[in-house]
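Heads up, the sequence shown stops at 286 in the UniProt record's numbering, and the numbers go up one at a time, no gaps.
Below you'll find the structure, written out as structure tokens, and then a few comments.
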Amino acid sequence: MADSNRQLSDQSPLLASHNNHKSYGGYSTLWASIANDALSALAAGMTVAPAVSIIDRAVVESVSGRNTMMRSVSNSLWSLFTRPHRFITSRPFGVMLLLYGTTYFVANTVDTASALYHNQPPSTTTAGVAKFLGPTSVNLGLSLYKDTQYARMFGQSLGSSLPRTLSRTTYAIFVTRDCMTLFASFNLPALIAPNIPNSWEGYVSKAAMAQIASPMLMQIAGAPLHLLGLDLYNRSGKVSAGDRWRKVREAWPRTALARMARVLPAFGIGGIVNTNLRTNLMKRLE
């Protein structure tokens, strides 16, 4: 019988490989992975929230006329460095932490679910459709909530007049703009990083290069959509396509740079913090 079993093993390499296959599943691994996902997302959110909340507040106050952009940034930085405990417990910070912490958490749990389903190591990441749809749906909903809260906190009432609602066209343009940024933040880095030449690596890894460059470069394409949406909102009457293109073209370079400055902490640096911390934590489970 022993000889028969040995012969079967020798003649069945697939069976032998199956018997030696390592399993990464189990409830303990699942809950530990989710805890790591949450911790990584929280760390990324805490890293992102200060800079992005300061920038978004400055933009809203500047548009409303309550403050200049530079003065608003200066006031927020003064509050951050002189009263950090009040800054991180303030509502503006909390809203921004909710937005980005939740977005990263959903992205992480998609990776965890994919790894468990395919019996892959917990540190494995994916770039599939679910990785795009999950974070995007959550981010779009929470971004709308964030925009509403910031408008109420830092906007200026215009008497009895009510702000115009976004048209379906403008809303579709803004959603497309945000989807492009999210795709470049959560999907493209994993696809681009392996194709970066090894000679480019120095103090920064290929994964970090892709995580920083992808969302920032996407703003070159996203900026004209942003400007077109704003122009359709501000000039909702009959305006020629040529006139709209002229307005977009004039503001394209500076708007792209401004959006790059905002995206860098939000999805560049935040993405690196989230990915590196999650990878290190997950490798302890392997």
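A virtual CB, placed ideally from N, CA and C, is assigned to each residue, including glycine.
Status (buried if at least 16 other CB within 10 Å, exposed otherwise) for Val239: exposed
Uninterrupted alpha helix (DSSP H) stretches inside the region 173-241 (no shorter than 4 residues): Counting only runs of 4 or more, we get 188-192 and 206-234.
Residue range of the alpha helix (DSSP H) that includes Thr136: Boundaries of the alpha helix (DSSP H) harbouring Thr136: Val129 to Phe154, taken from the DSSP string.
Alpha-carbon spacing of residue 297 relative to Thr275, whole angstroms: Limits of the chain in this structure are 1 at one end and 286 at the other, which puts residue 297 out of reach.
Member of Lys131, Ala35 and Ala184 whose CA lies at the smallest distance from the CA of Lys220: Before going on, a small fix: residue 220 reads as Ile here, not Lys. Nearest of Lys131, Ala35 and Ala184 to Ile220, Cα basis: Ala184.
Contact set for Gln149: own chain, Cβ-Cβ below 7 Å, skip 5 residues either direction: Val95
Cβ-based neighbour list, Cys179, same chain, cut-off 7 Å, excluding 5 preceding and 5 following: Thr136
Buried or exposed by the 16-neighbour rule on C-beta atoms within 10 Å, applied to Gly222: Counting Cβ neighbours within 10 Å, Gly222 comes out buried, since at least 16 surround it.
Under the three-state DSSP convention, the category Leu285 falls into: coil
His85 in three-state terms, based on DSSP: helix
Unbroken alpha helix (DSSP H) run spanning Gly94, endpoints: Arg91 to Tyr117
Residue closest to Gly271, alpha-carbon to alpha-carbon, out of Ala32, Ser33, Trp31 and Ser40: Ser40
Per-residue burial, His226 [other beta carbons within 10 Å of its own, 16 or more giving buried]: buried
Exposed unless 16 or more other CB atoms sit within 10 angstroms - verdict on Ala44: With a threshold of 16 other beta carbon atoms within 10 Å, Ala44 meets it and is buried.
Nearest-angstrom beta carbon gap, Leu80 and Phe87 [assumed within contact, 8 Å]: 5 Å
Assigned exposure category for Gly101 - 16 Cβ within 10 Å defines buried: buried
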